[in-house]
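*Asks:* For the record, in the sequence shown the residue sitting at position 267 is 267 according to the UniProt record's numbering, with numbers rising by one throughout.
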Amino acid sequence: MFNKYKRFFDNAYDGFAILDLSLPFEVTRHLDVNQQFCDMLGYTKSEVLALGPIGLIHPNSRETVRMHLQGHYNNTQSQSFMKSIFIRKDGTEISIESKLFSEKTKSYHIVFGVHRDVTKKYYMEKTIKEQLAKEAALRKELETQATEKSNYIRLIVHELKTPITALLAAVELSKQNQGCELPELSLDNIYDSVIALDKRVDDLSNLAKSQMNLLKIRPVMLNLADLINQIVNVNKPSFQRKGQVFNTDIQPDLPNIYADKECLFSILMNLLSNAGKYCGKNGKVSLNIKQFGDDILFEIADNGIGIEPNNLERIFDPYDRIKRISKTYSGLGLGLFLSKTFIELHGGKIWVDSVLGVGSKFSFTIPNRQPPQSVEE
Ligand code: ADP
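Laid out in structure tokens, this is it:
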């Protein structure tokens with residue numbers, strides 16, 4: 001019946017198949033198929049003709065195909081477009097897009113299908129979609145990083161500017177009062193500002209070193225009692241000035257330990273200054289130190305604002321501060337990160353117990369033995 005078009009039928013790029021619509025889907029057979037259709041599925045022509053559509057279509061697609069054929073059978077459509085999955089002779093799946101045209105005469109009722117293998121097209125579409133999603137996620141991540149970087153630079157500038165502004169004001173005052181002695185308060189301001197500036201520059205320099213894996217410790221045999229005395233004496237006045245109570249409970253016969261004096265000093269200063277900063281006026285801060293097995297255990301507790309449970313892990317992250325920039329509390333957010341790094345270089349551990357609104361206790365250990373990383377800077 002299609003002899004006129006047989007040359008096109010046989011030489012087309014797409015698979016052509018003519019199906020008998022007068023029989024139900026489950027038992028119907030192809031009346032004719034072209035070579036391209038057979039090649040697509042890996043069967044010979046006689047195998048395709050013997051199998052019928054049910055033997056070629058993936059079980060998940062059978063209902064779709066059946067519905068389309070039913071539509072054509074009911075004469076409700078003479079043309080339709082269908083996406084389905086066929087199964088090749090070797091068992092692999094093949095995605096096919098089909099255009100179906102049906103024709104009903106007195107002598108036959110057929111559906112003529114033009115089938116195209118779109119497996120590669122679907123694969124490409126899926127891969128492109130996945131790549132686009134990956135690219136979008138990466139772009140978002142880079143944008144977040146860029147924003148965080150510029151926020152961090154703003155934070156650094158702000159934190160360095162604050163003590164400089166106080167210093168400038170004090171210098172201004174001394175210029176205006178040349179020859180006169182500076183008032184006590186102004187000297188205190190200068191001292192506090194220089195200390196704050198020095199600490200922030202040190203923290204930034206240590207952050208840079210830690211990022212390049214250059215942060216080292218220089219442990220020596222240390223008289224712990226002397227160091228603790230020094231710490232207590234340095235901190236007492238600043239707690240007093242803020243009306244805060246500072247209690248200490250230090251085990252009297254603490255052994256000497258092998259540690260980096262400057263690091264241990266800065267860890268304790270940082271944890272005590274945090275305790276003072278976050279417990280506000282009239283708060284209570286305590287420092288307890290005792291031997292704990294082979295370690296020395298340091299505990300710094302306060303009855304301040306406490307820490308939200310969700311933030312307990314993140315407070316040791318150096319860049320976490322930018323996500324919760326605080327107008328109330330100054331700081332670069334590096335103190336805990338650097339303290340943790342220094343403690344771990346000594347072979348110790350740091351952890352925190354905190355209840356929001358009740359207070360926090362930071363505990364850390366320094367092993368009473370030579371640390372694993374006894375390295376010169
Ligand atoms: P900074 O105090 O400069 O932000 P730190 O690294 O010392 O940086 O502390 C990180 C964060 O941990 C602080 O921003 C604060 O949210 C929280 N934190 C640290 N110590 C305390 C404390 N004693 N009480 C409540 N929160 C604290």
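We treat Cβ as the ideally placed atom computed from N, Cα and C, and that holds for glycine. Model, not experiment: these values are computed from the prediction.
Going by DSSP, what residue range makes up the beta strand (DSSP E) through N288?
*Replies:* For the purposes of this step, residue 288 is identified with residue 288 of the sequence shown, where counting begins at 1. For N288, the enclosing beta strand (DSSP E) has its first and last residue at 284–292.
*Asks:* How many angstroms separate the CA atom of E377 from the CA atom of N235?
*Replies:* Along the sequence shown, read from residue 1 onward, the residue named residue 377 stands at position 377. Along the sequence shown, read from residue 1 onward, the residue named residue 235 stands at position 235. Only weak support is given to the placement of E377: the predicted model assigns it a pLDDT of 44, under 50, and the value that follows is read from those uncertain coordinates. The alpha-carbon atoms of E377 and N235 are separated by roughly 28 Å.
*Asks:* Should I307 be listed as close to ligand 1, given that the test is whether its C-beta is under 7 Å from any heavy atom?
*Replies:* In the sequence shown, counting from the first residue as 1, residue 307 sits at position 307. Answer for I307: yes, Cβ within range of ligand 1.
*Asks:* Quick one: what's got a C-beta closer than 6 Å to V111's C-beta in the same chain, skipping five residues either side?
*Replies:* Locating residue 111 in the sequence shown gives position 111, where the first residue counts as 1. Only L19, L21, H72, L100, S102 meet the Cβ criterion.
*Asks:* Pick helix, strand or coil for E26, following the three-state DSSP scheme.
*Replies:* Here residue 26 is taken as the residue at index 26 of the sequence shown, counted from 1. Of the three classes helix, strand and coil, the one that applies to E26 here is coil, per DSSP.
*Asks:* Find out if the Cβ-Cβ distance for the pair G304, G283 is shorter than 8 Å.
*Replies:* By one-based count along the sequence shown, residue 304 stands at place 304. By one-based count along the sequence shown, residue 283 stands at place 283. Taking 8 Å as the Cβ cut-off, G304 and G283 qualify as a contacting pair.
*Asks:* Verify the contact flag: G280, CB atom, against every heavy atom of ligand 1, threshold strictly below 7 Å.
*Replies:* In the sequence shown, counting from the first residue as 1, residue 280 sits at position 280. No, since every heavy atom of ligand 1 falls outside the 7 Å radius drawn around the Cβ of G280.
*Asks:* Is R321 close to ligand 1? I mean its beta-carbon at under 7 Å from any heavy atom of the ligand.
*Replies:* Taking the first residue of the sequence shown as 1, we reach residue 321 at position 321. At least one heavy atom of ligand 1 is nearer than 7 Å to the Cβ of R321, so yes.
*Asks:* Would the beta-carbon of G306 fall within 8 Å of that of S238?
*Replies:* In the sequence shown, residue 306 corresponds to position 306, counting from 1. In the sequence shown, residue 238 corresponds to position 238, counting from 1. Not closer than 8 Å, so no.
*Asks:* Under 8 Å Cβ to Cβ from E97, same chain only, skipping five residues before and after it: list those, please.
*Replies:* Along the sequence shown, one-based indexing puts residue 97 at 97. Here the set comprises F81, M82, K83, H115, R116, V118.
*Asks:* Using the DSSP secondary-structure output, state which residues sit across from K99 in a beta bridge.
*Replies:* Position 99 of the sequence shown, counted from the start, is the residue given in the question as residue 99. Bridge partners of K99: F81, V114.
*Asks:* Can we count residue 378 as close to ligand 1, meaning its CB is less than 7 Å from some heavy atom?
*Replies:* Outside the displayed range of the chain (1 to 377) lies residue 378, so it cannot be described from this structure.
*Asks:* Does the count of Cβ pairs from the stretch 342–356 and the stretch 214–222 closer than 8 Å reach three?
*Replies:* yes
*Asks:* Measuring CA to CA, which of N34, E93, L338, I296 is closest to F316?
*Replies:* Working through the sequence shown from its first residue, we reach residue 316 at position 316. If we check each option's Cα against that of F316, L338 comes out closest.
*Asks:* Taking just the CA atoms, how far does G52 sit from N74?
*Replies:* For this step, residue 74 is matched to residue 74 along the sequence shown. For this step, residue 52 is matched to residue 52 along the sequence shown. Looking at the two C-alpha atoms, the distance is approximately 20 Å.
*Asks:* A225 and L272: beta carbons closer than 8 Å?
*Replies:* The residue you call residue 225 lines up with position 225 of the sequence shown. The residue you call residue 272 lines up with position 272 of the sequence shown. Not in contact: A225 and L272 (Cβ atoms no closer than 8 Å).
*Asks:* Check this for me: beta carbons of R29 and L56, under 8 Å apart or not?
*Replies:* Within the sequence shown, the letter at position 29 stands for residue 29. Within the sequence shown, the letter at position 56 stands for residue 56. Not a contact, by the Cβ cut-off of 8 Å.
*Asks:* Is it buried or exposed, T365, if we count other Cβ atoms within 10 angstroms and call 16 or more buried?
*Replies:* Working through the sequence shown from its first residue, we reach residue 365 at position 365. Answer is buried; the Cβ neighbour count reaches 16.
*Asks:* If you draw a straight line from the C-alpha of D32 to the C-alpha of T64, how long is it?
*Replies:* Here residue 32 refers to the residue found at position 32 of the sequence shown. Here residue 64 refers to the residue found at position 64 of the sequence shown. Going by the C-alpha atoms only, they are around 22 Å apart.
*Asks:* Considering only the beta carbon of each residue, do P367 and G347 sit closer than 8 Å?
*Replies:* Your numbering for residue 367 matches position 367 in the sequence shown. Your numbering for residue 347 matches position 347 in the sequence shown. It is a contact, given that the beta carbons lie within the stated cut-off.
*Asks:* Please classify H68: is it buried, with 16 or more other beta-carbons within 10 angstroms of its beta-carbon, or exposed?
*Replies:* In the sequence shown, counting from the first residue as 1, residue 68 sits at position 68. H68 comes out buried.
*Asks:* Using a Cβ-based criterion (distance less than 7 Å to any ligand heavy atom), does G357 qualify as near ligand 1?
*Replies:* One-based indexing of the sequence shown puts residue 357 at position 357. Answer for G357: no, Cβ out of range of ligand 1.
*Asks:* In angstroms with no decimal places, state the Cα-to-Cα distance between P252 and N270.
*Replies:* If you number the sequence shown from 1, residue 252 lands on position 252. If you number the sequence shown from 1, residue 270 lands on position 270. P252 and N270: Cα-Cα distance of roughly 23 Å.
*Asks:* Compute the Euclidean distance between the alpha carbons of N256 and I250, then round it to the nearest angstrom.
*Replies:* The count along the sequence shown starts at 1 and reaches residue 256 at position 256. The count along the sequence shown starts at 1 and reaches residue 250 at position 250. As the crow flies, the alpha-carbon of N256 is around 14 Å from that of I250.
*Asks:* Would you say S266 touches ligand 1, meaning its beta carbon is less than 7 Å from a heavy atom?
*Replies:* In the sequence shown, residue 266 corresponds to position 266, counting from 1. False, no ligand heavy atom lies under 7 Å from that Cβ.
*Asks:* Please determine whether the Cβ atom of D302 lies at a distance below 7 Å from any heavy atom of ligand 1.
*Replies:* Residue mapping note: residue 302 aligns to position 302 of the sequence shown, counting from 1. Yes.
*Asks:* The alpha helix (DSSP H) that contains G15, what's its start and end?
*Replies:* Residue mapping note: residue 15 aligns to position 15 of the sequence shown, counting from 1. First-last for G15: 15–20, but that is the beta strand (DSSP E), not the alpha helix (DSSP H).
*Asks:* Any idea which residues DSSP pairs T248 with across the strands?
*Replies:* Along the sequence shown, read from residue 1 onward, the residue named residue 248 stands at position 248. Paired residues: L287.
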